[in-house]
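Data block below; observations after.
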Amino acid sequence: MNKDDQLDFSEFRYALQALGFSNLTRQDLIAAFKSMAHAKPNWTPLPSIPGQPAPAGAPGVVDLRLSREGFQTIAARHVAARDPREELLKTFMLFDKGTKGIITVDDLRTVVKELNEDVPENEIHSMIEQFDVEGKGGVSREEFVGIFLDR
337 MNKDDQLDFS EFRYALQALG FSNLTRQDLI AAFKSMAHAK PNWTPLPSIP GQPAPAGAPG
397 VVDLRLSREG FQTIAARHVA ARDPREELLK TFMLFDKGTK GIITVDDLRT VVKELNEDVP
457 ENEIHSMIEQ FDVEGKGGVS REEFVGIFLD R
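Using the numbering used here, the first residue of the sequence shown is number 337, and each one after it goes up by one.
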């Protein structure tokens, strides 16, 4: 956010990318930005220059600013459109150190340490045992998704 609590188009694009929306086309980004943005304060049309095409009477993308609330509205629309299974599988990959296809006690212990959480060892074991329904020593992708979604 700028010091005036407004986003320009570049900041808007980077903020959406930080939320994981790097696959949006430039046209989609511009359309979303324009749908909620307003002209920056003190914007005035450029003066006409003889022999040149007339300047636009409305502000262009570079002249627009987006409020925090406008950004939150746009971001919320995109978040709501995400497939929760896809998001859970991305999260699974963050836990599955070494891409083994299961989250083991060691994996969970590593994530707990990375997050600076204080989870007793017996609770880490208990979490894995509770959801490892097949007894294979870890939680599979399917089991992980099943923890969060009703199938």
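Glycine included, every Cβ here is placed at the ideal spot set by N, Cα and C.
Note that the structure is a prediction, hence the values are computed from the model and not measured.
Excluding sequence positions up to five before and after V447, its CB lies within less than 7 Å of the CB of F431, all in the same chain and listed in chain order. Taking the Cα positions, L352 is about 11 Å away from A368.
Inter-residue distance for G393 and P381 is about 6 Å (C-alpha atoms, whole angstroms). Excluding residues up to 5 positions away in sequence, L402, G406, T409, I410 lie with their Cβ nearer than 7 Å to the Cβ of M372 in the same chain.
G482 places its beta carbon 7 Å or farther from that of I439.
For the pair F345 and H414, the CB atoms are not nearer than the 7 Å cut-off. Scanning L451, Q466, Y350, A390 for the CA closest to the CA of L365 turns up Y350.
At a Cβ-Cβ threshold of 7 Å, F428 and F480 count as neighbours.
In the DSSP annotation of this structure, R401 is not part of any alpha helix (DSSP H); the continuous beta strand (DSSP E) holding it starts and ends at 400 to 403. Rounded to the nearest angstrom, the gap between the Cα atoms of P383 and F348 is 28 Å.
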